[in-house]
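Enquirer: Structure below; questions to follow.
There are 2 protein chains.
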Amino acid sequence: MMASLLDSLVSRMASFSASDHASVVSLNLFVALLCACIVLGHLLEENRWMNESITALLIGLATGVVILLISNGKSSHLLVFSEDLFFIYLLPPIIFNAGFQVKKKQFFRNFVTIMLFGAIGTVISCTVITLGVTQFFKKLDIGTFDLGDYLAIGAIFAATDSVCTLQVLNQDETPLLYSLVFGEGVVNDATSVVIFNAIQSFDLTHLNHEAAFQLLGNFFYLFILSTLLGVATGLISAYCIKKLYFGRHSTDREVALMMLMAYLSYMLAELFDLSGILTVFFCGIVMSHYTWHNVTESSRITTKHTFATLSFLAETFIFLYVGMDALDIDKWRSVSDSPGTSVAVSSILIGLLMLGRAAFVFPLSFLSNLGKKNQSEKIDFKMQVVIWWSGLMRGAVSMALAYNKFTRAGKTDLRGNAIMITSTITVCLFSTVVFGMLTKPLIRFLLPHQKATTSFLSDGNNTPKSIQIPLIDQDSFIEFAGNPNVPRPDSIRGFLTRPTRTVHYYWRQFDDSFMRPVFGGRGFVPFVPGSPTERDPPPTDLSRA
Amino acid sequence: MMASLLDSLVSRMASFSASDHASVVSLNLFVALLCACIVLGHLLEENRWMNESITALLIGLATGVVILLISNGKSSHLLVFSEDLFFIYLLPPIIFNAGFQVKKKQFFRNFVTIMLFGAIGTVISCTVITLGVTQFFKKLDIGTFDLGDYLAIGAIFAATDSVCTLQVLNQDETPLLYSLVFGEGVVNDATSVVIFNAIQSFDLTHLNHEAAFQLLGNFFYLFILSTLLGVATGLISAYCIKKLYFGRHSTDREVALMMLMAYLSYMLAELFDLSGILTVFFCGIVMSHYTWHNVTESSRITTKHTFATLSFLAETFIFLYVGMDALDIDKWRSVSDSPGTSVAVSSILIGLLMLGRAAFVFPLSFLSNLGKKNQSEKIDFKMQVVIWWSGLMRGAVSMALAYNKFTRAGKTDLRGNAIMITSTITVCLFSTVVFGMLTKPLIRFLLPHQKATTSFLSDGNNTPKSIQIPLIDQDSFIEFAGNPNVPRPDSIRGFLTRPTRTVHYYWRQFDDSFMRPVFGGRGFVPFVPGSPTERDPPPTDLSRA
């Protein structure tokens, strides 16, 4: 019955290939597959090998096979992988939600390490991969590549898949690890995209010191402006919602405005050729710190879960999509005469990306540990292995960049391009499925003490779990602002011995005396007496003190 | 600054007209305009003339003017009005949310009247408009139209704008009126689309009794199958969520699954050429009755607000879009040599649609009143006037049908088609702005006793308002199932004297003994002890009795 239905779908598709009916069929199949992914993901939740990304990827692959069989090898996918779809619609909700739900204290405490890994690490990784492919590809017969192509390959495979990483690691189980790996992922994505765009636009025939400095300046310019844009958009949303008090008439307007402003920050960054990923990430952080506290209780629950749901759907969609797209027969046709070459290229790439990642995780962890006095804040060797391993997955960002580079109009027929596209797909599938499956067991093996916490947390109550996340900061807030037992750190000495804590203290001072009175935040929401809240009333007295 | 920014946007658009950068620019502008609509709509909330639709329409028009001026009369819109965008992405959330939030008891109590208005009324209205245009258009010089074209015009202008109506009427203030006008709107949309499609596919040169019966049969077939599909999808979602208990692992999966299943019901209906509007409306009703009670408390709040927000955004988007599209210079160019004809056609159409609506509202209300014993359930004359008036607005459905009919490939240049498109735009703008603005004052003038309730309700608490909506049934539920003072209606006599109540009683019996144990619903949710709820615990003992 399923086969005949699919048969009719495919035959309908063939006859209406460009019409709106085809899009109706594709949408139906996609929505049904998304439902299947959700149900299967739920049923496989307890499975230690699987995660949602892998489930979606495998369902996508299976669907591709079915369509391939039914259409007699004519087509395997319903939609062609589109960069636009990915960068304009699917990526923003994922990254925004990550910023919205991230534990801000952990993230900012490890800010220096995250920047080391995300920026310097990506450059190292990119360099290692570029040097590697330059050496190996000359020996293989895969068409002509110039320096720009090699650098682009480096940038493509330096982009880790933060989406998949988010699913494997758990913020509550391994907070330090999560903030390091995830924070690195966000900065890494941005860095990769910046390097990639810089390479595309630079004249690489005259590569000199000046150009290298220009590249560096370009990166800092992008990083700072993108961050500022995200923070500004977040603050504007907080100010508007606080001043106009939308909840008076309708909670829907609050939720809609938060969604739109978040999306606007990303799109503005894209418009001005900044890094939308960084912008929307910081917009998420600011929104969860200020805007979220200015809306009504219902809107708070709604936004929290809606952002998580949209992000979850976008993630599932991406992996389904990559899985279905992987079997596109046209791409494989041109490499089918030399399967060995494709396998060789993929293996070389996987080897290089493992090497490239090792080349920065271990040295930079050593550097980072040098700056830390506290033993518990240091990254021990087992953790370094987990950080190295959990960043090995390559996903949709790599795919999107590879499509951008190697399927430009008129160049698709070149053999080298076809090999690069199929190799990218192979690397993404292999790394996500194999490395992804092994990550959970590896973490359990290397860091077994976290396991007890896992089962305790996941067996506890489900509903309020995600509600609690943004309240984690409250501890630190009370610790500094409310608890008189904590001594005020002496300005100079304190900064030298515990720099992050001192910065945090002054940030709190600034936040309490200037930011929160203007932009709202915890404690400045007019609570309706007796209104049901899922937590204790906020410490209004502390914040107003 | 705004002008120079827009200037640069437009010049960017001109140079990248088909590239992805143009879509980035359009998206930015659209998102920013949506934000503006939300903020202005909030500020104008207390205004008695304005509503959100009109605000969005006027902002769209203003933006169109600005773009027109900047581009020196070259273009006024960023996106061409697309039927697909409207029918595939914007309409489903609006109609689903309407079904999800509708007061089911009111809706089903007035089911017969709603069907009279929605189905028979639309046919009468369509006939009147068709006959009218056949008479008037022959006297005007506007190209050649055949019978099919005239019937299509009838169907296009018989489609009332349920979106705008929803904003003007208030479910809490005037429940009977709301359920009648809104219920009619949903059935009317479906009927119009069915008539329109039937006309497009039928051979009208051999119009005889047989074809007329076939048309009628086709309508009932569509109506029943669409309803069944919606109900089935809703029940499947309820069963899945109840059996698998998604809340155990993640509330996001529940929310995602509800969204996807709702959308799937619409898309399946489109796939099988049924009426997606009817399907998704009934899916919304079933989901709010069963599925919604099977999810966790957080998911309940989230879905309620998310569906409302998505619907609100889609509505705002549509009106913004129609406003911007209205100034498209290409459409007006071909009618600019004879502005009198365009004005005449628009005036004739507005007159006819007022006449066509009057031709069924008053006679059918009289018929409906005949069947009702209870004075309070009768539709008095003032109410009939309000029903007549509040269904006069024409909106995006008319636009979409007109585009479908009169801009087919190769026919766009015909003068008659250009006139019909511009007239449709004129009618939509005029009716939405003028009729829409007068509706609120008219209701206050004709039905002044509801005003006291209005201010009481709207000045009360905002947050829990929308939460309470699906609980309205609880009264009727307790009334029949729980309260022993209400006598069990005698099967035959009860049906004759109070048919709706008897049907309701037996439906409750069936619901309690068969449907709710299988598909869940109020009373079958395992409540976590001590978990915060925004209402009293459900009467579990009643439902299990």
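These protein sequences, in sequence, are chains C and H.
Residue 729 is where the first sequence starts when you use this note's numbering, and the numbers rise one by one after that.
Residue 729 is where the second sequence starts when you use this note's numbering, and the numbers rise one by one after that.
For each residue, glycine too, the CB sits at the ideal point set by N, CA and C.
For clarity, every value in this text was computed on a predicted model and none was experimentally measured.
1) Between C968(H) and chain C, is the shortest Cβ-Cβ distance under 8 Å, so that the two count as touching?
2) Can you say whether Q829(H) is buried or exposed, counting buried as having 16 or more other CB atoms within 10 angstroms of its CB?
3) Taking K1110(H) as part of the alpha helix (DSSP H), name the residues at either end of that continuous run.
4) Among the candidates L1120(H), G1084(H) and E1105(H), whose CA atom is the shortest distance from the CA of V861(H)?
5) Quick check on the DSSP output: the alpha helix (DSSP H) that includes H937(C) runs from which residue to which?
6) Determine whether the Cβ of S799(H) lies closer than 8 Å to any Cβ atom of chain C.
7) For S981(H), return the contacting residues in chain C, with the cut-off set at a CB-CB distance below 8 Å.
8) Give me the Cα-Cα distance between S890(H) and V922(H), rounded to the nearest whole angstrom.
9) Is any beta-carbon of chain C found at less than 8 Å from that of Y991(H)?
10) Would a C-beta distance cut-off of 8 Å place M986(C) and V759(H) closer than the cut-off?
11) Hey, G962(H) and M1015(H) are a contact pair by Cβ (cut 8 Å); roughly how many whole angstroms apart?
12) Here's a check: name, in chain order, each residue in its chain whose Cβ is nearer than 6 Å to the Cβ of V1125(H), leaving out the five neighbours to either side.
13) In angstroms with no decimal places, state the Cα-to-Cα distance between V767(C) and A960(H).
14) Taking the CB atoms as reference points, tell me whether L1098(H) and V1155(H) lie closer together than 8 Å.
15) L1170(C): which of L1129(C), Q1112(C) and S1039(C) sits nearest, CA to CA?
16) Determine the direct distance from the alpha carbon of N1132(H) to that of R1122(H), and round the result to whole angstroms.
17) If I measure Cβ to Cβ from W1060(H) and keep anything under 8 Å in the same chain, skipping five residues before and after, which residues do I get?
18) At which residues does the alpha helix (DSSP H) containing T1150(C) begin and terminate?
19) Per DSSP, what kind of secondary structure is M843(C) in: helix, strand or coil?
20) In terms of residues, what are the limits of the alpha helix (DSSP H) holding A1285(H)?
21) Give the residues of chain D in contact with T1034(H), contact being defined as C-beta atoms less than 7 Å apart.
22) Do L755(H) and N838(H) have their CB atoms nearer than 8 Å?
23) Should Q834(C) be labelled buried (16 or more other beta-carbon atoms within 10 Å of its own) or exposed?
24) Run the CB neighbour count on S1104(H), radius 10 Å, all protein chains shown included, and call it buried at 16 or more, exposed below.
25) Could you please give the first and the last residue of the uninterrupted alpha helix (DSSP H) stretch that includes F1010(C)?
26) To the nearest angstrom, how far is it from the Cα of L868(C) to the Cα of T1034(H)?
27) With distances taken between CB atoms, is the gap from I857(H) to L1081(H) smaller than 8 Å?
28) Which chain H residues sit within Cβ distance under 7 Å of T1037(C)?
29) Quick check: the Cα distance between F977(H) and T1037(C), rounded to an integer number of angstroms?
30) Would you decide whether S745(C) is buried or exposed? Buried here means 16 or more other CB atoms lie within 10 Å of its CB.
31) Three or more beta-carbon pairs under 8 Å between the stretch 770 to 790 of chain C and the stretch 839 to 847 of chain H, yes or no?
32) Quick one: does H977(C) have its CB under 8 Å from some CB of chain H?
33) Could you check what DSSP says for N800(H) in three-state terms: helix, strand or coil?
34) To the nearest angstrom, report how far apart T791(H) and F814(H) are at their CA atoms.
35) In three-state DSSP terms, what is R837(H)?
Expert: In terms of the structure at hand:
1) Numbered from its first residue, the second sequence carries residue 968(H) at position 240. Chain C has a Cβ within less than 8 Å of the Cβ of C968(H).
2) Locating residue 829(H) in the second sequence gives position 101, where the first residue counts as 1. With a threshold of 16 other beta carbon atoms within 10 Å, Q829(H) meets it and is buried.
3) As a first step, residue 1110(H) is located in the second sequence; it is residue number 382 there, counting from the start. K1110(H): member of the alpha helix (DSSP H) spanning F1109 to S1118, first to last residue.
4) Translated into positions along the second sequence, residue 861(H) becomes position 133. Nearest Cα to V861(H) within the set L1120(H), G1084(H) and E1105(H): G1084(H).
5) Counting from one through the first sequence, the residue named residue 937(C) turns up at place 209. Unbroken alpha helix (DSSP H) run through H937(C): H937 to L972.
6) Position 71 of the second sequence holds residue 799(H). No, S799(H) lies away from the interface with chain C (no Cβ there is under 8 Å from its Cβ).
7) Sequence index remark: in the second sequence, residue 981(H) carries index 253 (1-based). First, the residue type needs correcting, since residue 981(H) is Arg and not Ser in the sequence shown. Those within 8 Å of R981(H) in chain C are I766, G769, H770 and F1040.
8) Locating residue 890(H) in the second sequence gives position 162, counting from the first residue. Locating residue 922(H) in the second sequence gives position 194, counting from the first residue. The C-alpha of V922(H) is placed about 16 Å away from the C-alpha of S890(H).
9) Along the second sequence, one-based indexing puts residue 991(H) at 263. Yes, its Cβ sits closer than 8 Å to a Cβ of chain C.
10) Taking the first residue of the first sequence as 1, we reach residue 986(C) at position 258. Taking the first residue of the second sequence as 1, we reach residue 759(H) at position 31. Contact check for M986(C) against V759(H) fails: the beta carbons are separated by 8 Å or more.
11) On the second sequence, residue 962(H) is found 234 positions in, with the first residue counted as 1. On the second sequence, residue 1015(H) is found 287 positions in, with the first residue counted as 1. The Cβ separation is near 5 Å, so the contact holds.
12) For this step, residue 1125(H) is matched to residue 397 along the second sequence. Within the same chain, V1125(H) has close Cβ partners A887 and D917.
13) Translated into positions along the first sequence, residue 767(C) becomes position 39. Translated into positions along the second sequence, residue 960(H) becomes position 232. Computed Cα separation, rounded: 18 Å.
14) What you label residue 1098(H) is simply residue 370 of the second sequence in a count that begins at 1. What you label residue 1155(H) is simply residue 427 of the second sequence in a count that begins at 1. Going by C-beta atoms, L1098(H) is not nearer than 8 Å to V1155(H).
15) One-based indexing of the first sequence puts residue 1170(C) at position 442. When each option's Cα is compared against that of L1170(C), the closest is Q1112(C).
16) For this step, residue 1122(H) is matched to residue 394 along the second sequence. For this step, residue 1132(H) is matched to residue 404 along the second sequence. Roughly 16 Å separates the two Cα atoms.
17) Position 332 of the second sequence, counted from the first residue, corresponds to residue 1060(H). Cβ contact annotation for W1060(H) (same chain, cutoff 8 Å, sequence separation greater than five): T1150, in chain order.
18) Stepping through the first sequence from its first residue, residue 1150(C) is reached at position 422. It spans R1143 to F1158 - the alpha helix (DSSP H) in which T1150(C) sits, taken as one unbroken run.
19) Taking the first residue of the first sequence as 1, we reach residue 843(C) at position 115. Here M843(C) carries a helix assignment [DSSP, helix/strand/coil].
20) Lying before the first or after the last residue shown, residue 1285(H) is absent from chain H, which here runs from 729 to 1273.
21) Given the protein chain composition of this structure (C and H), no chain D is represented.
22) Indexing the second sequence from 1 puts residue 755(H) at position 27. Indexing the second sequence from 1 puts residue 838(H) at position 110. Not closer than 8 Å, so no.
23) As a position in the first sequence, residue 834(C) is number 106, starting the count at 1. Within a 10 Å sphere around the beta-carbon of Q834(C) sit 16 or more other beta-carbons, which makes this residue buried.
24) For this step, residue 1104(H) is matched to residue 376 along the second sequence. With fewer than 16 other Cβ atoms inside 10 Å of its own Cβ, S1104(H) counts as exposed.
25) As a first step, residue 1010(C) must be located in the first sequence, where it is residue number 282. Here the alpha helix (DSSP H) through F1010(C) covers G1004 to V1014.
26) As a working mapping, residue 868(C) is identified with position 140 in the first sequence. As a working mapping, residue 1034(H) is identified with position 306 in the second sequence. The alpha-carbon atoms of L868(C) and T1034(H) are separated by roughly 54 Å.
27) On the second sequence, position 129 is the one that residue 857(H) refers to. On the second sequence, position 353 is the one that residue 1081(H) refers to. Contact flag set, yes.
28) For the purposes of this step, residue 1037(C) is taken as the residue at position 309 of the first sequence. Near T1037(C) (Cβ distances below 7 Å), the residues of chain H are D980, V983 and A984.
29) Your numbering for residue 977(H) matches position 249 in the second sequence. Your numbering for residue 1037(C) matches position 309 in the first sequence. According to the sequence displayed, residue 977(H) carries His and not Phe. If I take the Cα positions, the gap works out to 13 Å.
30) Here residue 745(C) refers to the residue found at position 17 when the first sequence is read from its first residue. Residue confidence is low: S745(C) scores 34 on pLDDT, short of 50, so the model does not pin down where it sits. Its coordinate-derived value is still stated next. The residue in question, S745(C), is exposed, as its Cβ has fewer than 16 Cβ neighbours within 10 Å.
31) The stretch 770 to 790 of chain C makes no contact with the stretch 839 to 847 of chain H: fewer than 3 CB pairs, one atom from each, lie closer than 8 Å.
32) Taking the first residue of the first sequence as position 1, residue 977(C) is located at position 249. Under the Cβ distance rule, H977(C) counts among the residues neighbouring chain H, one pair being separated by less than 8 Å.
33) Walking along the second sequence from the start, residue 800(H) turns up at place 72. Taken through DSSP and simplified to helix, strand or coil, N800(H) comes out as coil.
34) Mapped onto the second sequence, residue 791(H) falls at position 63. Mapped onto the second sequence, residue 814(H) falls at position 86. Cα to Cα, T791(H) sits roughly 20 Å from F814(H).
35) As a first step, residue 837(H) must be located in the second sequence, where it is residue number 109. Under the three-state reduction of DSSP, R837(H) is assigned to helix.
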